[in-house]
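Sequence lines, in order, name chains A and B.
Numbering-wise (full-length UniProt numbering), the first sequence opens with residue 1 and increments by one.
Numbering-wise (full-length UniProt numbering), the second sequence opens with residue 1 and increments by one.
All C-beta atoms in this analysis are idealised placements derived from N, C-alpha and C, irrespective of residue type, glycine included.
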Amino acid sequence: MSITAPPAREIILKQLRWKQRYFASIIFAFVIIQAFGIFLSVMNAYHQASFNSTYIRAHSQNNLFFLMILWIFISSLAAPAKANRKIDFTFISTRKISHITNIIFLLLIVSAASLLSVLSHYLIILLVPMIHSPEVFILLPGWMDLLHSFIWWFSCLLLTAAAGYFLSMIYQLTLLWKIVIGGLIFGVFYFDFMPISEGFQMLFSSDIYLITLSVLGASLLFFSSIFIKRKNGGIVI
Amino acid sequence: MNAISFENVNKSFHRQSALIDFNLQIPENTIVGVAGRNGAGKTTMLEIISGLQTPSSGRAAVYGFPVTSLEVQSNSIFVEENMAFPAHFTLGEILAAGAEQYTFWENAVALPLFQYFEFKMSAKIEQLSKGQKRLFQALFGLCTRAPLTLMDEPLEGMDETIRKDFMEALLKDYIQKPRTILISSHHLKEIENLLEYLLIIENGHNILFSSIEDLRHSVLEITGPIAELQQLLTGREIIFEEEISPGILKAVFYYSGSKDKFSSFHCTWSSISDIYTYLVKKKGGIRDVYHSTSSQRNYS
Chain A
1 MSITAPPARE IILKQLRWKQ RYFASIIFAF VIIQAFGIFL SVMNAYHQAS
51 FNSTYIRAHS QNNLFFLMIL WIFISSLAAP AKANRKIDFT FISTRKISHI
101 TNIIFLLLIV SAASLLSVLS HYLIILLVPM IHSPEVFILL PGWMDLLHSF
151 IWWFSCLLLT AAAGYFLSMI YQLTLLWKIV IGGLIFGVFY FDFMPISEGF
201 QMLFSSDIYL ITLSVLGASL LFFSSIFIKR KNGGIVI
Chain B
1 MNAISFENVN KSFHRQSALI DFNLQIPENT IVGVAGRNGA GKTTMLEIIS
51 GLQTPSSGRA AVYGFPVTSL EVQSNSIFVE ENMAFPAHFT LGEILAAGAE
101 QYTFWENAVA LPLFQYFEFK MSAKIEQLSK GQKRLFQALF GLCTRAPLTL
151 MDEPLEGMDE TIRKDFMEAL LKDYIQKPRT ILISSHHLKE IENLLEYLLI
201 IENGHNILFS SIEDLRHSVL EITGPIAELQ QLLTGREIIF EEEISPGILK
251 AVFYYSGSKD KFSSFHCTWS SISDIYTYLV KKKGGIRDVY HSTSSQRNYS
């Protein structure tokens, strides 16, 4: 029997197609989180005696930011988990193809999530005065604001996704790494999360600087993940 | 052409050797049975062929390609207990994904086969019983019609009628679409009629790789008085011997001539599963454990 080797591109496209369905839970979680984030932001705004557009922007950003970072981080941790990667090899894949498919998938959901987060944020700005104080004048964000917002969301989510993916791969290497990564994640989420949000805002004051740094950082983390491998390990890890 | 080739392959886990200086050449388009005791190295060997493990040293290749290459991965399937499917997919969706991915998959064969075994396409994999899950995995592997199909204990958990039906399906499918199939099983008696080759692994070593036809008339079991037999057996490669009653010896040895030469003794060709048992049986057997006179034992 002759053996055939389809081009890698064809396999990646096929894998992406079934991964969309397989990771439907990630997309479903995103929709729920967005709805919850909008709800929280609107409700929190209601409890404030007075507010203005700047306040709504910053506040809704914080609510959504926390949830979105958590969502993309958990999703990117799960994507290269051994159980999920074993499914890749039930179908046709290689180590590299499996990683490339996962990374493309993460890039797609990061892009979609960034766009939708910008729109959600816009929706919050519209909803809050409409529901609670129709008399308050709200200055709606312009195109440049939306673009800036998109770049900000995209950069933060991309970096978090890459970091999550990288940590997930390292985590699978040895027990020592499991303890270190587990402790790190627990520490960040248990003790104080907000400095990360503020850190992002402080660090990335310029859009160009922000996008360059996040794309370079994410590329480095994603490429490193592809080459992380157990000594004499197989296609999975 | 060889479908699989192992050259001095060693594999160890945490300093424990699973395969030791393992050499093997399996010709393409054959059904090979892989037998061995628990922990002998069967699964490790299959995992290396499938790319799930790589050798600690030595070279393993499939159709001349490295086991982790795209050429191998797109032409092989590994059916095992831990074979993973997307948990929230229906069986129908899993089969559709299989059909999309595997070049040689034929729905015209696959769908009636799954219907015959009464799988509901709307069910989910997690709703299946252990036996049904094993059957689904095995049938999925069969339906891929991958040029290299690896099955690790596919019959475990299946009831007897299902096992028979599955083996018949496997044979018919193989006749329709010849390919290289490796099946490891503890039910050697049940699968021996399927096999063209038998590989026996013991303590990480390949102790026997032979065609079934050659094997059927190569091992002789002979029973007779010890004194007469010992004289006859001098210089022969004895696989197993046991004094079955006082003064009466049963011996098993490699022999390639006519058995008429031993007509004065009770003499038969060993069955395939008996050859396997003789080759891997520990010296003395379990009887020695109970007949042991030592009363001073410790676990150190």
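Practice task
Answer yes or no: does any C-beta atom of chain A fall closer than 8 Å to that of B/Q73?
Solution key: As a working note, residue 73 of chain B is residue 73 in the second sequence. At least one CB of chain A lies nearer than 8 Å to the CB of B/Q73.
Practice task
Say whether the segment 151 to 166 of chain B touches the segment 221 to 235 of chain A, bearing in mind that this needs 3 or more beta-carbon pairs closer than 8 Å, one atom from each stretch.
Solution key: Taking 8 Å as the limit for Cβ pairs, the verdict is that the segment 221 to 235 of chain A does not touch the segment 151 to 166 of chain B.
Exercise for the section: Using the DSSP secondary-structure output, state which residues sit across from B/K11 in a beta bridge. Expected result: Against the second sequence, residue 11 of chain B aligns to sequence position 11. B/K11 is bridged to B/L19.
Exercise for the section: Rounded to whole angstroms, what's the CA-CA distance from A/A49 to B/M121? Just pull it up for me. Expected result: Mapped onto the first sequence, residue 49 of chain A falls at position 49. Mapped onto the second sequence, residue 121 of chain B falls at position 121. Note on A/A49: pLDDT 44, under 50, position unreliable in the model; the coordinate value appears next. Their Cα atoms are separated by approximately 57 Å.
Practice task
Closer than 7 Å by beta-carbon distance: list the chain A residues that pair up with B/Q53, in chain order.
Solution key: As a first step, residue 53 of chain B is located in the second sequence; it is residue number 53 there, counting from the start. Residues of chain A passing the Cβ test: G234.
Handout entry: Three or more C-beta pairs below 8 Å linking the segment 14 to 29 of chain B and the segment 65 to 72 of chain B
Key = no
Exercise for the section: Starting from B/I4, follow its DSSP beta bridges and name the residues at the other end. Expected result: Indexing the second sequence from 1 puts residue 4 of chain B at position 4. BP columns for B/I4 point to B/I26, B/V62.
Exercise for the section: Using DSSP bridges, identify the partner residues of B/L199. Expected result: Locating residue 199 of chain B in the second sequence gives position 199, counting from the first residue. Listed as beta-bridge partners of B/L199 by DSSP are B/V34, B/F209.
Handout entry: Candidates B/L215, B/I207, B/S185: closest to B/E196 by CA position
Key = Walking along the second sequence from the start, residue 196 of chain B turns up at place 196. Measuring from the Cα of B/E196, the nearest candidate turns out to be B/L215.
Problem - N-terminal and C-terminal residue of the beta strand (DSSP E) that B/T277 is part of - result: Along the second sequence, one-based indexing puts residue 277 of chain B at 277. From DSSP, B/T277 is part of no beta strand (DSSP E) but of the alpha helix (DSSP H) over 272 to 280.
Handout entry: Under the three-state DSSP convention, the category B/H266 falls into
Key = The residue given as residue 266 of chain B occupies position 266 in the second sequence. Residue state, collapsed to three classes: strand.
Practice task
Taking only beta-carbon positions, decide if A/K14 is within less than 8 Å of chain B.
Solution key: Mapped onto the first sequence, residue 14 of chain A falls at position 14. Taking Cβ atoms only, chain B reaches closer than 8 Å to A/K14, which makes this a yes.
Problem - Within-8 Å CB hit, A/L152 to chain B - result: By one-based count along the first sequence, residue 152 of chain A stands at place 152. The sequence given here places Trp at residue 152 of chain A; Leu does not occur at that position. Not an interface residue.
Handout entry: C-alpha gap between A/F222 and B/E118, whole angstroms
Key = Counting from 1 along the first sequence, the entry for residue 222 of chain A is found at position 222. Counting from 1 along the second sequence, the entry for residue 118 of chain B is found at position 118. Straight-line Cα distance between these residues: approximately 44 Å.
Problem - Rounded straight-line distance, which links the Cα of B/I20 to that of B/F6 - result: The count along the second sequence starts at 1 and reaches residue 6 of chain B at position 6. The count along the second sequence starts at 1 and reaches residue 20 of chain B at position 20. Rounded to the nearest angstrom, the two C-alpha atoms are 11 Å apart.
Problem - Proximal chain D residues relative to A/W18, where beta-carbon distance stays under 9 Å - result: Going by chain labels, chain D is absent from the structure shown, which instead holds the protein chains A and B.
Problem - At least three beta-carbon pairs within less than 8 Å, the segment 232 to 249 of chain B to the segment 47 to 54 of chain B - result: no
Problem - Rounded Cβ spacing between A/P80 and A/S225 (contact assumed at less than 8 Å) - result: Against the first sequence, residue 80 of chain A aligns to sequence position 80. Against the first sequence, residue 225 of chain A aligns to sequence position 225. Sure, about 7 Å apart at Cβ, within 8 Å.
Exercise for the section: Give a yes or no on whether 8 Å exceeds the smallest Cβ distance from B/E47 to chain A. Expected result: For the purposes of this step, residue 47 of chain B is taken as the residue at position 47 of the second sequence. Chain A contact via Cβ: present.
Handout entry: Residue range of the unbroken beta strand (DSSP E) whose run includes A/I228
Key = Taking the first sequence and counting its residues from 1, the one referred to as residue 228 of chain A is at position 228. Run containing A/I228: none; DSSP gives neither H nor E here.
Exercise for the section: Can you say whether B/R15 is buried or exposed, counting buried as having 16 or more other CB atoms within 10 angstroms of its CB? Expected result: The residue labelled residue 15 of chain B in the question sits at position 15 within the second sequence. The residue is exposed, with fewer than 16 neighbouring Cβ atoms inside 10 Å.
Handout entry: Outcome for A/L126 when other beta-carbon atoms lying within 10 angstroms are tallied against a minimum of 16
Key = Start at 1 with the first residue of the first sequence, and residue 126 of chain A comes out as number 126. It counts as exposed.
Problem - Boundaries of the beta strand (DSSP E) in which A/P80 is found, first to last residue - result: Within the first sequence, residue 80 of chain A is the residue found at index 80, counting from 1. A/P80 -> no beta strand (DSSP E), and no H or E assigned at all.
Practice task
Could you confirm whether any beta carbon from chain B is found closer than 8 Å to the beta carbon of A/R95?
Solution key: If you number the first sequence from 1, residue 95 of chain A lands on position 95. So, interface residue.
Problem - the segment 246 to 263 of chain B contacting the segment 170 to 181 of chain B, beta-carbon criterion three pairs below 8 Å - result: no
Exercise for the section: Using alpha carbons as the reference points, say which of B/G204, B/N203, B/I222, B/N193 lies closest to B/S211. Expected result: To locate residue 211 of chain B, count along the second sequence from 1; it is residue 211. Of B/G204, B/N203, B/I222, B/N193, the smallest CA-CA separation from B/S211 is found for B/N193.
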